[in-house]
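*Asks:* In our numbering, the protein residues as written are 151 to 539.
Yeah, the Cβ is synthetic: ideal placement off N, Cα and C, and Gly gets one too.
Since we're looking at a predicted model, the values are computed, not measured.
1) Leaving out the 5 sequence neighbours to the left and right, which residues in its chain are closer than 6 Å to residue 309 when beta-carbon positions are compared?
2) Which two residues bound the contiguous beta strand (DSSP E) that contains residue 324?
3) Taking residue 299 as part of the alpha helix (DSSP H), name the residues at either end of that continuous run.
4) Of all the alpha helix (DSSP H) runs that stay within the bounds of the region 161 to 221, which reach a length of 4 or more residues?
5) Measure how close the beta-carbons of residue 391 and residue 436 come, nearest whole angstrom, since I'm counting them as under 8 Å.
6) Is there a Cβ of chain C sitting closer than 8 Å to that of residue 330, yes or no?
7) Just checking my contact of residue 458 with residue 384 at CB under 8 Å: how many whole Å lie between their CB atoms?
8) Report, in whole angstroms, the separation of the C-beta atoms of residue 274 and residue 295, which I expect to be a contact under 8 Å.
9) According to DSSP, simplified to helix, strand and coil, what is residue 104?
10) Measuring alpha carbon to alpha carbon, tell me which residue in 263, 162, 190, 183 is nearest residue 224.
11) If you drop the 5 nearest sequence neighbours on each side, which residues of the same chain put their C-beta closer than 7 Å to that of residue 299?
12) Residue 258: which of 290, 494, 232, 188 sits nearest, CA to CA?
13) If you measure between the beta carbons of residue 497 and residue 402, is that distance less than 8 Å?
14) Is the beta carbon of residue 232 less than 8 Å from the beta carbon of residue 209?
15) Taking the C-alpha atoms as reference points, what is the distance between residue 443 and residue 470?
16) Just the C-alpha distance for residue 228 and residue 170, rounded to the nearest angstrom, thanks.
17) Pick from 361, 353, 357: whose alpha carbon is nearest that of residue 382?
18) When DSSP builds the beta bridges, which residues end up paired with residue 272?
19) Would you give the residue range spanned by the alpha helix (DSSP H) that residue 413 belongs to?
20) Given this structure, state the Cα-to-Cα distance separating residue 221 from residue 213, to the nearest angstrom.
21) Would you tell me roughly how many angstroms separate the C-alpha atoms of residue 490 and residue 175, rounded to the nearest one?
22) Relative to the C-alpha of residue 238, which candidate in 267, 250, 189 has its C-alpha closest?
23) Between the alpha carbons of residue 517 and residue 500, how many angstroms are there, rounded?
24) Can you check whether the CB of residue 341 is closer than 8 Å to the CB of residue 356?
25) Which residues in the same chain have their Cβ closer than 6 Å to the Cβ of residue 441, if we skip the five residues on either side of it in sequence?
26) Classify residue 306 as buried or exposed, calling it buried when 16 or more other Cβ atoms lie within 10 Å of its own Cβ.
27) On the DSSP letters alone, give me the boundaries of the alpha helix (DSSP H) that residue 474 sits inside.
28) Going by C-alpha to C-alpha distance, which of 414, 199, 475, 349 sits closest to residue 140?
29) Could you check if residue 276 is buried or exposed, using at least 16 other CB atoms within 10 Å of its CB as the buried criterion?
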């Protein structure tokens, strides 16, 4: 048997197997149990969070041989056909490739025919926002008053592009991007079931890189399995994703706050040698600054003295806010830089040149002599001997 990618192999076959989205699942399960069914449902959310998977599960609940149920058996001919993707009364349409009004009219012509084997004829239209304006107009009347045996399940990543007349005819469910911890737990469950060894920190990096998408996390895991020969380690995942050492964003913030330009440029040189994503580096620096700001606000008692705790004590809160705003602005400007590394270097140089305290020193110095590079308010600290956060 040929290899099946994890995203397809582990597609949920029951509502209980869906990761997260409890607010959506509860509503759908209740409507199936109580037989309070709407004629049109709209599932929206970012990529890979379960829109079409949940729609297929709902179609299975509508057409299970054992009756309308929130717990389809998964054993009857209808359930198996839906799982295998060839149930004749579940019509899946990719709106991105069928945008013409002629395609929509052909679909609507078939609505008049009753289901062949199922209880309902279900139309699952993916990326529905890609339909043309004329296609939406053709769909309106049928979507408002379809035959009792027809259900429309619409899925989209961009609900803002849908006409309000379409939205008002649908029961709407927004699927949220998943938490990093939810994705990491799901990956751990799957890899244990697949008997593939892994390092927990590697899964955390994969979950973070997925940006809330279960499908993306599984695709990245497939890639990590291939690269690591089925032994997923932090080193392999870091190499695959072009990640940098967790200490380096911290050290870059420290060097910048100490006005140590030479050290900051040396750190950037080390980072460049790893082929880093420069946008991601700025995001990591912003994340460090956020942690520092939170530690300054919420002073939790701790005996732990990490570099981030040290920086929270040493850098004034107003300076943290200055750095944070500068980094966010630099992220916006980075695509316009002649070279991304140069854009990051200019961001750090700007922080050194325009820091509020540095500007105050400049105003007191002789005109034209530039700015001093002496640290402000820092005692010595050896990051190599202190555990990072």
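*Replies:* Concretely, from the data shown:
1) 194
2) 321 to 324
3) Unbroken run through residue 299: none, as it is neither H nor E.
4) 172 to 183, 201 to 213
5) About 18 Å separates the beta carbons of residue 391 and residue 436, which is beyond the 8 Å limit, so they are not a contact pair.
6) Looking for chain C here will not work: only one protein chain is present.
7) Not a contact, Cβ separation roughly 20 Å.
8) Their Cβ separation, rounded to whole angstroms, is 20 Å, which puts residue 274 and residue 295 out of contact at 8 Å.
9) Outside the modelled stretch of the chain, which goes from 151 to 539, sits residue 104, for which no answer is possible.
10) 162
11) 264, 265, 270, 271
12) Closest by alpha carbon: 290.
13) no
14) yes
15) 7 Å
16) 26 Å
17) 353
18) When DSSP reads this structure, residue 272 sits in a beta bridge with 240, 301.
19) 411 to 422
20) 11 Å
21) 43 Å
22) 267
23) A caution first: residue 517 carries a pLDDT of 48, below 50, which makes its placement in the model too unreliable to give a value.
24) no
25) 458
26) buried
27) That run of the alpha helix (DSSP H) goes 467 to 483.
28) The requested residue 140 is not part of the displayed model; the chain covers only 151 to 539.
29) buried
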